[in-house]
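J.: This is the structure I want to talk about, given as structure tokens.
Numbering (our numbering), first residue to last: 18 to 328.
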């Protein structure tokens, strides 16, 4: 009888533990199922600014996307950013492939109505992407504090960038490598730039209301050997008289690896790694804490990089 009473006494404890486990599982399921909707997270006063990073890609470049996911997006996951890869609309045979990839990672966005080609990528793609994020924010009531665009041949030290540049309460600001066009005209380098949310809204509104043929205008700039989509970001705001500030990433922080200086502890955005091997060599110089040196595991990655880009 004593043993039976002890067994009955355990019943409330077992039930309590089961309730805790079920509640914890429910919370985990909710967190997982909501992570693919692209909504900006709610944040308290003490939390870091919310940050979305979209990489311009194309349907057929899955291997590069996998490398990006496996390098800086994994190394700096604690930097708390939401990553996306944005493509145009590919030919129909690619759709099942992209569908499967998105089911695996939940980070693919396809801009409908625009071909998945270089013409779209270098003209209207940033504006259509900002418009999509603006529309999602209207639908959900949740905005991002910062939105970054990055090329798929760019490596990002996301941890250092967040710590040093994404400050609370910034507004009307572009953070980028600054390309000089002719003062007072300056515009962001397309390899990597970050907008505060108010500029995302302003640019989207200007894009929707302009009477200019932007594709034609960008084609004309290209003939003059000027930039195209990155130039137009500043040009639209200047034309409308909108005020904005630049926070500059100097040439030591953001640069083209094939033409400029070496990768160093100052490097945040290393650009123009055209081959997957070059990209991996740059990534090998970093770990979760940032830059670790050009020689790692007995391999001189800087030397390999320089040798690969010799004319």
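Even for Gly, the Cβ is constructed at its ideal location relative to N, Cα and C.
These figures come from a predicted structure and were not determined experimentally.
1. Do we get a CB-CB distance below 7 angstroms when we pair residue 164 with the residues of chain C?
2. Quickly, what does DSSP pair residue 226 with across the bridge? List them, please.
3. Does DSSP classify residue 140 as helix, strand or coil?
4. Would you say residue 102 and residue 72 are within 7 angstroms of each other, going by their C-beta atoms?
5. How many angstroms separate the CA atom of residue 310 from the CA atom of residue 302?
6. By the DSSP assignment, the beta strand (DSSP E) with residue 275 in it spans what residues?
7. Have a look at 300, 74, 304 and 210 and flag the residue whose alpha-carbon is nearest the alpha-carbon of residue 322.
8. Round the Cβ separation of residue 133 and residue 76 to the nearest angstrom and send it over; I've been treating them as touching at under 8 angstroms.
9. Checking 7 angstroms against the spacing of the C-beta atoms, do residue 194 and residue 138 come in under that value?
10. Who are residue 132's beta bridge partners in DSSP?
11. For residue 42, which of helix, strand or coil comes out of DSSP?
12. By how many angstroms is the C-alpha of residue 113 removed from the C-alpha of residue 247?
13. Contact between the region 202-213 and the region 114-128: three or more CB pairs below 8 angstroms?
14. Looking only at its chain, what residues have a beta carbon closer than 8 angstroms to the beta carbon of residue 74, apart from the 5 residues adjacent to it on each side?
15. Could you give the distance in angstroms between the alpha-carbon of residue 62 and the alpha-carbon of residue 204?
16. Would you decide whether residue 207 is buried or exposed? Buried here means 16 or more other CB atoms lie within 10 Å of its CB.
17. Could you tell me which residues DSSP puts in a beta bridge with residue 265?
18. Please classify residue 250 as buried or exposed, where buried requires at least 16 other C-beta atoms within 10 Å of its C-beta.
19. Determine whether the beta carbon atoms of residue 144 and residue 224 lie at a separation below 7 angstroms.
20. Pick helix, strand or coil for residue 61, following the three-state DSSP scheme.
21. Compute the Euclidean distance between the alpha carbons of residue 187 and residue 174, then round it to the nearest angstrom.
22. Pull up the DSSP beta-bridge partners for residue 68, would you.
T.: According to the data block:
1. Any reference to chain C falls outside this structure, which holds one protein chain only.
2. Answer by DSSP bridge pairing: none, since residue 226 is not bridged.
3. Per DSSP, reduced to three states, the secondary structure at residue 140 is coil, with no helix or strand assignment.
4. Residue 72 sits close to residue 102, with the two beta carbons spaced by under 7 angstroms.
5. 5 angstroms
6. Run containing residue 275: none; DSSP gives neither H nor E here.
7. Selection 300, 74, 304 and 210 evaluated against residue 322 yields 300 as nearest (Cα-Cα).
8. Between residue 76 and residue 133 the Cβ distance is about 5 angstroms, and since that is below 8 angstroms, they are a contact.
9. Their beta carbons are not under 7 angstroms apart, which means residue 194 does not touch residue 138 by this criterion.
10. 106
11. Since pLDDT at residue 42 reaches only 37, below the 50 mark, its modelled position is unreliable, and no value is offered.
12. Approximately 32 angstroms, taken between the alpha carbons.
13. Flag = no, the region 202-213 and the region 114-128 do not touch.
14. 81, 82, 102, 103, 104 and 169
15. Caution applies to residue 62, whose pLDDT of 47 falls short of 50 and renders its modelled position unreliable; the value that the coordinates give is listed next. Rounded to whole angstroms, the separation of the alpha carbons of residue 204 and residue 62 is 32 angstroms.
16. So residue 207 counts as buried.
17. Within the DSSP secondary-structure output, residue 265 pairs in a beta bridge with 193.
18. By the 10 Å Cβ count, residue 250 comes out buried.
19. yes
20. Because residue 61 carries a pLDDT of 47, less than 50, the predicted location of this residue cannot be relied on, and the following value inherits that uncertainty. Coil, per DSSP.
21. 21 angstroms
22. Answer is 163, bridged to residue 68.
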